[in-house]
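The structure under discussion appears below in the form of structure tokens.
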Amino acid sequence: MKLSNIFLSDKPTLSFEVFPPKTGDMYHKVEAAAREIAALAPDYMSVTYGAGGGGGKYTLDIAADIEKNYSVPTLAHLTCVSASREDVRKILAALREKGIENILALRGDYPKDGEYPVKKDFRYASELIEEIVSFGGFTIGGACYPEGHTEAESLDDDIINIGKKVDAGCQFLTTQMFFDNDILYSYIEKLRKKGIFVPVVAGIMPITNARQIFRSCELSGTVLPKRFIRIAERYGDNPAAMKQAGIAYATEQIIDLYANGVKNVHVYSMNKPDVARAIQSNLSEIIKA
Ligand code: FAD
């Protein structure tokens, strides 16, 4: 099913994400996790894609498995930093053939250590979006950054570039993780003031590993509220307690988002069915209200 139809409804949505294995020997483990998450019947599931195209085949296979065997709509991520126009057209044809109707169109990060080649056909996600539009048949989403993308000069500049993605045919935006909802509310207001009215899906990361999150927030420039830092410092060395606290924090964030009219929430469930299940169960009545 096309996500553009799902977003039309007034009903709040809750969706989950999985990432594909890098190598074939891990495929069955990831597939099993994806199936467990799919069995929770979320509104949709997304499957990420390596910036260098690594694991791309598995992205397609896992998305197709979820779509076919669980009837859960899927959103396949697709990056272009390391893809030629021909590569992209082949992937689009394969997605169409597998019945996948939704794509999150991304540029991908530039490699820091020559880990994968950079190709020149697409400079920005907006150019990939144009290609997908001309191919036809997909609902297309893009990434957005409530605290600004790390390469952008300013948040205002970044929002101008988000506008280019939307002009190119991007029909919804999914946010980078954030831990302070006020940052998202102010960002959405800025988007609307610039005339960007597509649905904004809030990306929520339940923290189960405090060290990892401190590092990735430092890299992405994501602000960590004091309340969050205290929790991570207190429970970070106790995996079971950190997981419980991370699920509780994410749940509270989501309840506040729904209460404030942000209707679509995507959980970065990171191949962890237990985390997805706990969050869904915490919201069982709230999602219906
Ligand atoms: P773009 O939209 O192209 O933006 C990149 C930078 O260029 C920004 O600073 C922007 O302001 C600037 N820019 C954009 N257009 C223009 C223009 N026309 N002129 C000048 N400047 C411009 N990475 C993966 O490898 N695989 C994934 O599956 C994946 N999934 C993601 C999902 C989400 C929800 C998010 C938020 C990120 C994801 N990423 C993923 C990471 C993403 O690939 C990186 O953040 C990457 O650095 C930027 O990708 P983008 O699509 O936002 O790029």
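Residue numbering for the sequence shown follows the working numbering, starting at 9 and increasing by one per position.
Each residue gets a CB set at the ideal place from its N, CA and C atoms; glycine is no exception.
- Sorting D18, S12, D51 by C-alpha distance to the C-alpha of K271 places D18 at the top.
- Between ligand 1 and the CB of R115, the shortest heavy atom gap is smaller than 8 Å.
- The C-alpha of F180 lies about 31 Å from the C-alpha of H36.
- Cβ-Cβ separation between T259 and M185: approximately 15 Å, too far for a contact (criterion under 8 Å).
- DSSP places N189 inside the alpha helix (DSSP H), whose first and last residues are 189-201.
- Partner residues in the beta bridge of E25, as assigned by DSSP, are S54.
- Burial is judged here by how many other beta carbons sit within 10 angstroms of a residue's own beta carbon; S194 has fewer than 16 and is exposed.
- By the criterion of at least three beta-carbon pairs nearer than 8 Å, the stretch 194-207 is not in contact with the stretch 215-235.
- Contact check for K173 against E109 fails: the beta carbons are separated by 9 Å or more.
- Look at H36 here: in three-state DSSP terms it is helix.
- Rounded to the nearest whole angstrom, the CA to CA distance from D73 to S23 is 17 Å.
- DSSP, reduced to helix, strand and coil, places T183 within a strand of the structure shown.
- L291 carries a coil assignment under DSSP once its states are collapsed to helix, strand and coil.
- About 14 Å separates the beta carbons of I239 and A248, which is beyond the 8 Å limit, so they are not a contact pair.
- The beta carbons of P20 and V273 sit closer together than 9 Å.
- Under DSSP, the beta-bridge partners assigned to V209 are T182.
- For Y124 against G62, the beta-carbon gap comes to about 7 Å, under 8 Å, which counts as contact.
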